[in-house]
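Novice: Each residue of the sequence shown is one higher than the one before, counting from 311 in this note's numbering. Here a beta-carbon is modelled for each residue, glycine too, at the ideal position from N, C-alpha and C. Before we start, here is the structure in question, set down as structure tokens.
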Amino acid sequence: GLVERVEIVKARLSAPGYGNQSGTISVSGGILRDSSVTDTVLTGYGVRGGGLYQTGGLVTNCTFRACFNSGSSTEGNSYGGGAYLSGGTVVASRFVDGGISKNTSKITAKYGAAAYVTGTATVRNCLFAGNTSALNCPGVHVASANATIDNCTIADNAILAAGVANPYQLYYEANAKVRNTILFGTADGMSDLSNPGAENVTNCRFKEATDDSRGNLADDPKFRSDYRIWRSSPCVDAGAVLNWHDGGTTD
Numbered sequence: 311g312l313v314e315r316v317e318i319v320k321a322r323l324s325a326p327g328y329g330n331q332s333g334t335i336s337v338s339g340g341i342l343r344d345s346s347v348t349d350t351v352l353t354g355y356g357v358r359g360g361g362l363y364q365t366g367g368l369v370t371n372c373t374f375r376a377c378f379n380s381g382s383s384t385e386g387n388s389y390g391g392g393a394y395l396s397g398g399t400v401v402a403s404r405f406v407d408g409g410i411s412k413n414t415s416k417i418t419a420k421y422g423a424a425a426y427v428t429g430t431a432t433v434r435n436c437l438f439a440g441n442t443s444a445l446n447c448p449g450v451h452v453a454s455a456n457a458t459i460d461n462c463t464i465a466d467n468a469i470l471a472a473g474v475a476n477p478y479q480l481y482y483e484a485n486a487k488v489r490n491t492i493l494f495g496t497a498d499g500m501s502d503l504s505n506p507g508a509e510n511v512t513n514c515r516f517k518e519a520t521d522d523s524r525g526n527l528a529d530d531p532k533f534r535s536d537y538r539i540w541r542s543s544p545c546v547d548a549g550a551v552l553n554w555h556d557g558g559t560t561d
């Protein structure tokens, strides 16, 4: 099925039971496109995907802005303030200015304020920026070797307090494919990539890059105000041709 041009604003959601809190929008198949979710809060324990919970299907050209996970009166973990992605494909979408709430007293651990990516999820041409966390990774947390992140920008996600665990733009827990992606953060205490030596992180920009044999670089990406890059950026023409690109012949 196809769902398009949906706009959701100021949703406040809560449900009982660990892991049952699943997204302002939940996608398991079909297509969601040209839609927006703004200023939402998902409350509970074991919450997953304050903006989007996806296990299959296609999400394209959507914006998830100021989408948050929040704790409840029962202790539990929190996964992906902007999105929890375990299957399907997300393309040309934006996850910005959200995260995991400052309410940390009952959240045991927080995994990926911008997004938690696991299973067989594929993420392409997406922006994750301006998200925050007070307890754990404020950026994207990749937890499956079968996930793929291509041609994305993960930038300026920030921690809200000193001493936060895993203060990365990309917390790389599994050997997933991460290709043609810009990681960039300037906030105090932040790093770009948790595992700079990962063999499947290729043709990416992150400040810890030291080995260019995989096409990675550490230079300033030279963002414009909307996170596009200027023509003078070292990231221009620095990516690899992938098999899903127009005219692409390599993986």
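(1) Closer than 6 Å by C-beta to R343: which residues in its own chain qualify, once you throw out the five before and the five after it? Chain order, please.
(2) With DSSP run on the structure shown, which of helix, strand or coil describes R515?
(3) Is the beta carbon of T373 sitting closer than 8 Å to the one on S396?
(4) How close, in whole Å, do the beta carbons of F494 and N441 come, if the pair is a contact with beta carbons under 8 Å?
(5) Give the straight-line distance between the Cα atoms of S542 and K532, rounded to the nearest whole angstrom.
(6) Can you name the start and end residues of the beta strand (DSSP E) that I335 belongs to?
(7) Quick one: what's got a C-beta closer than 8 Å to W554's C-beta in the same chain, skipping five residues either side?
(8) Would you tell me roughly how many angstroms separate the C-alpha atoms of G354 and S324, rounded to the nearest one?
(9) Quick one: Cα of N387 to Cα of A376, how far?
(10) Hey, how far is the Cα of I335 from the Cα of L352?
(11) Decide if A425 is buried, meaning its Cβ has at least 16 other Cβ atoms within 10 Å, or exposed.
(12) Of the residues G311, C462, G507, T512, which one's Cα is nearest the Cα of V400?
(13) Measuring only the C-alpha atoms, how far is G473 from M500?
Specialist: On the basis of the data shown:
(1) Here residue 343 corresponds to residue number 33 of the sequence shown, with the count starting at 1. Same-chain partners within the cutoff: E314, T370, N371.
(2) For this step, residue 515 is matched to residue 205 along the sequence shown. In this structure, R515 counts as strand in the three-state DSSP scheme.
(3) Looking up residue 373 in the sequence shown gives position 63. Looking up residue 396 in the sequence shown gives position 86. Not a contact, by the Cβ cut-off of 8 Å.
(4) For this step, residue 494 is matched to residue 184 along the sequence shown. For this step, residue 441 is matched to residue 131 along the sequence shown. Not quite, the Cβ-Cβ distance comes to about 14 Å (not below 8 Å), so this is no contact.
(5) Locating residue 542 in the sequence shown gives position 232, counting from the first residue. Locating residue 532 in the sequence shown gives position 222, counting from the first residue. Each residue's Cα considered, the two are about 8 Å apart.
(6) Within the sequence shown, the letter at position 25 stands for residue 335. Its beta strand (DSSP E) spans residues 335-337.
(7) Here residue 554 refers to the residue found at position 244 when the sequence shown is read from its first residue. So the list reads R434, D460, once near-sequence residues are dropped.
(8) Stepping through the sequence shown from its first residue, residue 354 is reached at position 44. Stepping through the sequence shown from its first residue, residue 324 is reached at position 14. Looking at the two C-alpha atoms, the distance is approximately 6 Å.
(9) One-based indexing of the sequence shown puts residue 387 at position 77. One-based indexing of the sequence shown puts residue 376 at position 66. If you take the alpha carbons of N387 and A376, they lie about 20 Å apart.
(10) Stepping through the sequence shown from its first residue, residue 335 is reached at position 25. Stepping through the sequence shown from its first residue, residue 352 is reached at position 42. If I take the Cα positions, the gap works out to 11 Å.
(11) For this step, residue 425 is matched to residue 115 along the sequence shown. Looking at its Cβ environment, which holds 16 or more other Cβ atoms inside 10 Å, A425 is buried.
(12) Taking the first residue of the sequence shown as position 1, residue 400 is located at position 90. V400 has its Cα closest to that of C462, out of G311, C462, G507, T512.
(13) Within the sequence shown, residue 473 is the residue found at index 163, counting from 1. Within the sequence shown, residue 500 is the residue found at index 190, counting from 1. Each residue's Cα considered, the two are about 10 Å apart.
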